[in-house]
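Structure first, commentary second.
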Amino acid sequence: MKWTNPGHEYDQAYQSIESKKAFYLFGAGDYGNQFIKILKDEIRVLGYIDNDEEKQGKDINGLPCLSLAEAMENINDHTGIIITMSQIARIEPITQLKKLGMHQDVDYYLIEEFLSVYYMYKYGKLYMSTISFLPSTTCNLNCRHCLNFNPFADHFYNRDWDELVRDIDLFFSWVDRIMLFHVSGGEPLLYKYTADVIEYLDRKYGGRIDTLRTVTNGTVIPTDEVLQKLARCKVEFTVDDYRDAVPKYRDNLDILTKKFDEYGIKYWVNKVGGWIDLAPERTDYSNLSTIQLIRHRDSCTQSWQELRDGKIYSCNYAAYAQVAGLSGEQDLEETFDLSHCKQASLDDKKKLVEFRLGYTSKGYTEFCKTCRGFKIDNNIDVEPAIQVERGKL
Ligand code: SF4
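In the numbering used here, the protein residues as written are 3 to 395.
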């Protein structure tokens, strides 16, 4: 989205939130659960909506879970819907709501918008939904559709400890609280400072992080020293299950999860169903007009941003593409510079909320010119973790 009224882009959205007496949460999964924990004492939640028939009719966190059609019977102008789903999963619900004539920030809200706008306007606090922090792209796999674009890069990118600490401290000088701080990769268990980064985050900012999470591809067994460090922290691991794609590491996932059990490290195994192909080597939107590029970006539901080098990057995949050498120099208009002021004012923080929710001066990234995006017409899964030989793309 292109900024037109910086500092005031969400004035009307907040008025709309304030006019609602109750809400449904569309999505009874991880995000829905996290949302309930955070806001159950702030707003009235009537129940969940979920397209999964197995969840419909059940009580989840003490709330009924309904189909959209059932919930619609109770929805009026004073009832809002909050979409509590990931950027891929939310494509379908948003399409359903639009077909019913509903509008974003009037009838329904995205989880990250709701959290940040509500806390900023009501309490003057910067509550961010998520941030991606990528200390290293080093990985032992070389996946065809890697969203770090590793197969395109001629070397891995590893950050120094001092830079990491500087970024973390700067980030928390702006942000009061965050729902999910994600330490990502590469393969985080191959990077020498991952456990130290997690320990630093947990010790210094744990009280302001609702969920501190990292991920592993399930093929690497950390040392006991690393496991001991992790066990002291409130951190959880997503263990991606790529055993079908990389059978040579098949046994490692069981060894790893047994180690996590032994050390009391929280994890969940993610049986990865499908990935998305952003197809940067096969698409070319560079002949689109500026307005068309802004529309292309606006119709992409990608919502992750990256913290790096004292800045937040408006699309983390665009930032990864730049690191991989796929999209030339990063345009500074695609970033929010956290180091530009010593003490952020309320107005600065409102602008960061807007940036984090997708507003930039330009309205798109350079990488949007070659990226298909997270869109309804790019909603076809590709097989996860298909391996390619290094240097072959
Ligand atoms: S189209 Fe691609 S580069 Fe542009 S915002 Fe979406 S994921 Fe990022």
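Every residue gets a Cβ at the ideal spot worked out from N, C-alpha and C, and that includes glycine.
Rounded to whole angstroms, what is the Cα-Cα separation between residue i and residue j?
i      : j      : result
Cys343 : Gly312 : 11 Å
Val241 : Ala91  : 19 Å
Pro249 : Gly276 : 17 Å
Leu328 : Thr285 : 13 Å
Leu340 : Cys141 : 29 Å
Cys370 : Glu264 : 44 Å
Gly59  : Asp52  : 10 Å
Thr216 : Ala321 : 19 Å
Lys351 : Val119 : 11 Å
Tyr33  : Asp253 : 31 Å
Gly188 : Glu72  : 43 Å
Tyr251 : Lys273 : 15 Å
Ile84  : Met104 : 12 Å
Arg205 : Arg146 : 37 Å
Ile22  : Trp306 : It is worth fixing the name first, because residue 22 is Lys in this sequence and not Ile. Cα-Cα distance, rounded: 27 Å.
Asn219 : Cys317 : 23 Å
Asp246 : Trp270 : 18 Å
Ile19  : Val108 : 8 Å
Leu172 : Glu56  : 44 Å
Arg297 : Pro386 : 29 Å
Asp379 : Ala233 : 42 Å
Leu65  : Ser288 : 47 Å
Gly49  : Tyr111 : 15 Å
Gly375 : Thr303 : 8 Å
Thr196 : Asn78  : 48 Å
Lys236 : Val167 : 18 Å
Gln98  : Met74  : 12 Å
Leu35  : Ser186 : Checking the displayed sequence, the identity of residue 35 turns out to be Asn instead of Leu. Whole-angstrom Cα-Cα distance: 22 Å.
Gly209 : Gly266 : 20 Å
Ala346 : Asn76  : 42 Å
Pro282 : Ile45  : 42 Å
Tyr244 : Gly360 : 32 Å
Glu308 : Gln89  : 15 Å
Are there any heavy atoms of the ligand SF4 lying less than 7 Å away from the beta-carbon of residue i, as far as the coordinates show?
i      : result
Ala320 : yes
Arg299 : yes
Gln307 : no
Leu128 : no
Gln304 : yes
Leu99  : no
Gly327 : no
Leu280 : yes
Cys141 : no
Phe174 : no
Phe151 : no
Gly425 : Here the chain comprises residues numbered 3 to 395, so residue 425 is not present and cannot be evaluated.
Cys148 : no
Thr154 : It is worth fixing the name first, because residue 154 is Phe in this sequence and not Thr. No, the beta carbon of Phe154 sits no closer than 7 Å to any heavy atom of the ligand SF4.
Phe369 : yes
Cys317 : yes
At what residues does the alpha helix (DSSP H) containing residue i begin and finish?
i      : result
Val108 : First-last for Val108: undefined, no H or E at that position.
Phe173 : 163 to 176
Asn272 : No alpha helix (DSSP H) holds Asn272; the beta strand (DSSP E) holding it covers 268 to 272.
Thr196 : 196 to 207
Ser134 : Looking at the DSSP string, Ser134 is not in any alpha helix (DSSP H); the run it does join, the beta strand (DSSP E), is 129 to 135.
Gly34  : 32 to 41
Ser18  : 13 to 21
Asp350 : 348 to 358
Please list the terminal residues of the continuous beta strand (DSSP E) segment that includes residue i.
i      : result
Ala24  : 24 to 28
Leu99  : First-last for Leu99: 93 to 101, but that is the alpha helix (DSSP H), not the beta strand (DSSP E).
Arg215 : 211 to 218
Met181 : 179 to 185
Ile83  : 81 to 85
Say the cut is 7 Å; is the CB of residue i nearer than that to a heavy atom of the ligand HEM?
i      : result
Gly365 : By its list of ligands, the structure shown excludes the ligand HEM, since it contains just the ligand SF4.
Compute the beta-carbon to beta-carbon distance between residue i and residue j, rounded to the nearest angstrom, for a pair I have assumed lies under 8 Å.
i      : j      : result
Asp178 : Lys124 : Their Cβ separation, rounded to whole angstroms, is 13 Å, which puts Asp178 and Lys124 out of contact at 8 Å.
Ala24  : Cys67  : About 16 Å; that fails the 8 Å criterion.
Leu191 : Pro137 : 12 Å between Cβ atoms; not a contact.
Arg358 : Asp169 : Contact doesn't hold; Cβ gap of about 15 Å is too wide.
Met181 : Ser131 : 5 Å
Phe151 : Ala15  : Incorrect: roughly 33 Å between the Cβ atoms, too far for contact.
Ile40  : Asn63  : Between Asn63 and Ile40 the Cβ distance is about 12 Å, and since that is not below 8 Å, they are no contact.
Ile12  : Glu356 : First, the residue type needs correcting, since residue 12 is Tyr and not Ile in the sequence shown. Right, the Cβ-Cβ distance comes to about 7 Å (below 8 Å), so this counts as a contact.
Ile278 : Val390 : Wrong, their Cβ atoms sit about 17 Å apart, outside the cutoff.
Is any beta-carbon of chain B found at less than 8 Å from that of residue i?
i     : result
Asn35 : Of the chains in the structure shown, none is chain B; there is only one protein chain.
key: Those runs of the alpha helix (DSSP H) which lie wholly inside the region 283 to 344 and span at least 4 residues   = Fully enclosed alpha helix (DSSP H) runs of no fewer than 4 residues occupy 292 to 300, 318 to 325 of the region 283 to 344, in order along the chain.
inquiry  = Suppose only complete runs of 3+ residues qualify. What are the beta strand (DSSP E) ranges in the region 223 to 265, listed by chain order?
reply    = 238 to 242
ask   = Which ranges does the beta strand (DSSP E) cover as unbroken runs of at least 3 residues, wholly within the region 49 to 75, from first to last along the chain?
value = 65 to 68
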